[in-house]
Amino acid sequence: SRQRRAENLKEVPATTPYNLSEYFKQFLFPQNECELHNFRLSFSQLKWDKWIIAPHRYSPQYCKGDCPRVVRHRYGSPVHTMVQNLIYEKLDSSVPKPSCVPAEYSPLSVLTIEPDGSIVYKEYEDMIATKCTCR
Amino acid sequence: SPRTRGRAAADRASGLLVAPEDSSELNPLLRLPKGVRRSYALLPPLLKVLADRGPQNWQSEAPRLRPDSRALRYMKRLYKMSATKEGIPKATKSHLYNTVRLFTPCSECKHRLRDLTKGDVHSVDLLFNLDRVTALEYLLKSVLLYSFDTSVPISPSLACMCHLSVKEQDSSGQVCPSVSHSIAFSLHLEVRKRKWVEIDVTSFLQPLIATKRRNIHMAVNFTCLMGDAQHNTKLENPLNMALVPPSLLLYLNDTSEQAYHRWNSLRHTRKNPGRPRQRISPWDDPMGDIGKETSQGKRA
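For the record, the sequence lines run as chains A and B.
Each number in the working numbering corresponds to the 1-based position in the first sequence with 528 added.
Each number in the working numbering corresponds to the 1-based position in the second sequence with 42 added.
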């Protein structure tokens, strides 16, 4: 690969550093790459704090960003994701590009007051996104 | 998968992630017909559960009874022991439950005070309505939770005899005088050290809760002597002044899809994110396999 890179470099016309960085950009991951973003809400914003006693604040997080063309190991994506990307690029652009979505979650414990006045502590599955993937 | 697709569409349509005025940008397929309240029909079950009790439904439900302040204090304390500040469940060995319900007795119970001299100090008739317990919630432990009114001076330690009996309702719906079964046991209370006394009634209530009984009618008689049993002196202060009618605490394992199952989630999602998780069946003893090595390593 070093020899190939040397050959590539010979082919590349002697250019200012700026174009060089432009040239390498196509090999980099997209700027706004798919990743986990913070989002924090309090149940009082939703006006649910009268029946949700705890927690006061809740960070569900979310996934946002572009999926790079070669997503294999970085996102734990199945091979299907690359196939879908190829379909989008080469065959039919109405097929959507792979999307940036949550891959793993963590649970949340909630303390609420029931309509009959009883109190319940409950642990809900999949309430906080902890990892993103491209699918 | 259909489930996540449903959820992703529901999140978009639910207005939780998209401000209401943006709903015009929603894919026309996702825009709800005028009559249907926004997003309710599309919410995944969990958000439906949460939204059900949201304020917009609050008024439409039957008037909400305010919870007992002592009970609320106890449950906040239980929350702090069970979850971190951010609300993440703590993974402690003893923490088998994923649901804890606290019921305060219905208001129509009667407080019957017997004469102090006869030694039968405190007797109370309790009726608990368990409508909120779902069909997928299985009982792990049940506790009668007594709290003491600390403003009433009371002997620092008490030796008590407690007599519990459950009343059957015959077909006519009247509470007949006969008692289905009862239990008596002694307990030693160190009052000064604690505000709460938990009386484990699991084996006593298990048959009733297992048959999904909606109402549990029980009578609790306390006969307490001051100091420890050796002195056997009569009680100075009426116990009932200090004993607040107990709450019923149910530690449950919710086997529904949206509840968190620590035994399964950790093992199955890490290895194969796509593989559907096997749920622990309510008849398996979640503690039964812990610590047992099998050929494939520790079983969930």
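We put the beta carbon where it would ideally sit given N, CA and C, even for glycine.
If you're wondering where the values come from, they're calculated on a predicted model, not measured in any experiment.
Cutoff 8 Å; reference residue i; Cβ partners in own chain excluding five residues on either side
i: residue 254 (chain B); result: 175 and 177
i: residue 130 (chain B); result: none
i: residue 148 (chain B); result: 169, 170 and 171
Through-space distance from residue j to residue i, alpha-carbon basis
i: residue 144 (chain B); j: residue 203 (chain B); result: 24 Å
i: residue 586 (chain A); j: residue 297 (chain B); result: 24 Å
i: residue 595 (chain A); j: residue 552 (chain A); result: 18 Å
i: residue 549 (chain A); j: residue 124 (chain B); result: 52 Å
i: residue 275 (chain B); j: residue 167 (chain B); result: Any reading at residue 275 (chain B) must be qualified, since the residue scores a pLDDT of 48, below 50, and its modelled position is unreliable; no value is offered.
i: residue 622 (chain A); j: residue 573 (chain A); result: 38 Å
i: residue 529 (chain A); j: residue 659 (chain A); result: 33 Å
i: residue 170 (chain B); j: residue 607 (chain A); result: 56 Å
i: residue 536 (chain A); j: residue 597 (chain A); result: 22 Å
i: residue 584 (chain A); j: residue 611 (chain A); result: 43 Å
i: residue 571 (chain A); j: residue 640 (chain A); result: 11 Å
i: residue 295 (chain B); j: residue 617 (chain A); result: 49 Å
i: residue 134 (chain B); j: residue 625 (chain A); result: 42 Å
i: residue 569 (chain A); j: residue 532 (chain A); result: 52 Å
i: residue 345 (chain B); j: residue 132 (chain B); result: The requested residue 345 (chain B) does not occur in the structure, where chain B is confined to residues 43 to 342.
i: residue 534 (chain A); j: residue 614 (chain A); result: 29 Å
i: residue 619 (chain A); j: residue 609 (chain A); result: 15 Å
Cβ-based neighbour list, residue i, same chain, cut-off 6 Å, excluding 5 preceding and 5 following
i: residue 629 (chain A); result: 591 and 663
i: residue 593 (chain A); result: 560, 561, 562, 563 and 628
i: residue 151 (chain B); result: Note that residue 151 (chain B) has pLDDT 49, beneath the 50 cutoff, so the model's placement of it is unreliable and the number below is only indicative. Taken in chain order, the residues that qualify are 167, 168 and 169.
i: residue 565 (chain A); result: 590 and 592
Same chain, Cβ closer than 7 Å to residue i, five either side skipped, listed in chain order
i: residue 248 (chain B); result: 181
i: residue 246 (chain B); result: 206 and 225
i: residue 661 (chain A); result: 603, 604, 605, 629 and 631
i: residue 655 (chain A); result: 588, 633, 635 and 636
i: residue 159 (chain B); result: With a pLDDT of 46 at residue 159 (chain B), under the threshold of 50, the modelled position of this residue cannot be trusted, and the question is left open.
i: residue 547 (chain A); result: none
Beta-carbon separation (whole angstroms), residue i vs residue j, contact threshold 8 Å
i: residue 173 (chain B); j: residue 256 (chain B); result: 6 Å
i: residue 301 (chain B); j: residue 652 (chain A); result: 7 Å
i: residue 140 (chain B); j: residue 650 (chain A); result: 7 Å
i: residue 647 (chain A); j: residue 138 (chain B); result: Incorrect: roughly 20 Å between the Cβ atoms, too far for contact.
Identity of the residue in the options nearest residue i by Cα
i: residue 638 (chain A); options: B:251, B:244, B:259 and B:120; result: B:120
i: residue 657 (chain A); options: A:631, A:606, A:579 and A:648; result: A:631
i: residue 243 (chain B); options: B:147, B:184 and B:293; result: B:184
i: residue 110 (chain B); options: B:208, B:299, B:295 and B:287; result: B:287
i: residue 117 (chain B); options: B:252, B:133, B:138 and B:146; result: B:146
i: residue 645 (chain A); options: B:295, B:290 and B:209; result: B:290
i: residue 189 (chain B); options: B:295, B:201, B:179 and B:240; result: B:240
i: residue 186 (chain B); options: B:258, B:304 and B:299; result: B:258
i: residue 127 (chain B); options: A:534, A:616, A:582 and A:533; result: A:582
i: residue 112 (chain B); options: B:238, B:303, B:122 and B:179; result: B:238
i: residue 299 (chain B); options: B:179, B:132 and B:148; result: B:179
i: residue 643 (chain A); options: A:580, A:626, A:614 and A:547; result: A:580
i: residue 293 (chain B); options: B:142, B:251 and B:133; result: B:142
i: residue 201 (chain B); options: B:227, B:251 and B:132; result: B:227
**Request:** Write down every uninterrupted run of the beta strand (DSSP E) in the segment 572-612 of chain A whose length is 3 residues or greater and which is fully enclosed by it, in chain order.
**Result:** 580-582 and 590-592
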